[in-house]
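J.: This structure is in structure tokens; I'll ask about it shortly.
Numbering (our numbering), first residue to last: 271 to 417.
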């Protein structure tokens, strides 16, 4: 699944159907970078997730963003931690400033359409016309990214 990264603020991993950045509202344009090698965040049936982790990745952020910004996936697949969905949903107000380098940012994957969303800026899925709400949903995956 392809993901795109905002050329204005660097927020990324926006899924198919998301045409505006969930952090700053910038409409996707030709300067926004696209990662066609994004892999879905799921585990295969019977796979041991305690020893399986994807390699660290670097966000394909445009040159206008900080050259020192990188993303590293810290946590995947939170099905066994249902309470985390409620705790994260309003842990940071919508008017907060953008995260700084080294800060952990929480994102979530919609189980209905596969959309990738920001926990801080989109409590409802922003991919296409889905609008599924992740708060309290035990099927949506929440994960952390260090920026």
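Backbone N, C-alpha and C fix where the C-beta goes; we use that ideal spot for every residue, glycine too.
Count the other C-beta atoms from every protein chain shown that fall within 10 angstroms of the C-beta of residue 361, then say buried if there are 16 or more, exposed otherwise.
T.: Reliability of the predicted coordinates at residue 361 is poor, the pLDDT of 44 falling under 50, and the value obtained from them is presented with this limitation in mind. With fewer than 16 other Cβ atoms within 10 Å, it is exposed.
J.: Helix, strand or coil: which one does DSSP assign to residue 399?
T.: Of the three classes helix, strand and coil, the one that applies to residue 399 here is coil, per DSSP.
J.: For residue 362, which of helix, strand or coil comes out of DSSP?
T.: Its pLDDT being 44, under 50, residue 362 is placed unreliably by the model, and the measurement read from it follows with that caveat. Coil at residue 362, not helix or strand.
J.: At which residues does the beta strand (DSSP E) containing residue 275 begin and terminate?
T.: Note, residue 275: beta strand (DSSP E), 273 to 275.
J.: I'd like to know if the region 279 to 296 and the region 378 to 391 are in contact, where contact means that at least 3 CB-CB pairs between them fall below 8 Å.
T.: Yes, they touch.
J.: Let me know the secondary structure DSSP gives residue 411 once reduced to three states.
T.: In this structure, residue 411 counts as strand in the three-state DSSP scheme.
J.: Could you tell me the distance, in whole angstroms, from the CA atom of residue 400 to the CA atom of residue 390?
T.: Using only the alpha carbons, I get a separation of about 18 Å.
J.: For residue 299, does the count of other Cβ atoms within 10 angstroms reach 16, so buried, or fall short, so exposed?
T.: So residue 299 ends up on the exposed side.
J.: For residue 296 and residue 304, I'd like the C-alpha separation in whole angstroms.
T.: Rounded to whole angstroms, residue 296 to residue 304 spans 15 Å at the Cα level.
J.: Tell me which residues share the same chain as residue 288 and place their Cβ nearer than 7 Å to its Cβ, disregarding the 5 neighbours each side in the sequence.
T.: Taken in chain order, the residues that qualify are 385, 396, 397.
J.: Can you check whether the C-beta of residue 375 is within less than 9 Å of a C-beta belonging to chain D?
T.: This model lacks chain D altogether; it includes just one protein chain.
J.: From this set, 375, 407, 392, which residue's C-alpha is nearest residue 381's C-alpha?
T.: Looking at the Cα atoms, 407 is the closest of the given residues.
J.: Taking only three categories from DSSP, how would you classify residue 315?
T.: Annotation note: pLDDT 48 at residue 315 (below 50); position unreliable, coordinate value reported separately. Coil, per DSSP.
J.: Helix or strand or just coil, what does DSSP make of residue 332?
T.: Legend: pLDDT at residue 332 = 39, less than 50; position of this residue unreliable, no value from coordinates given.
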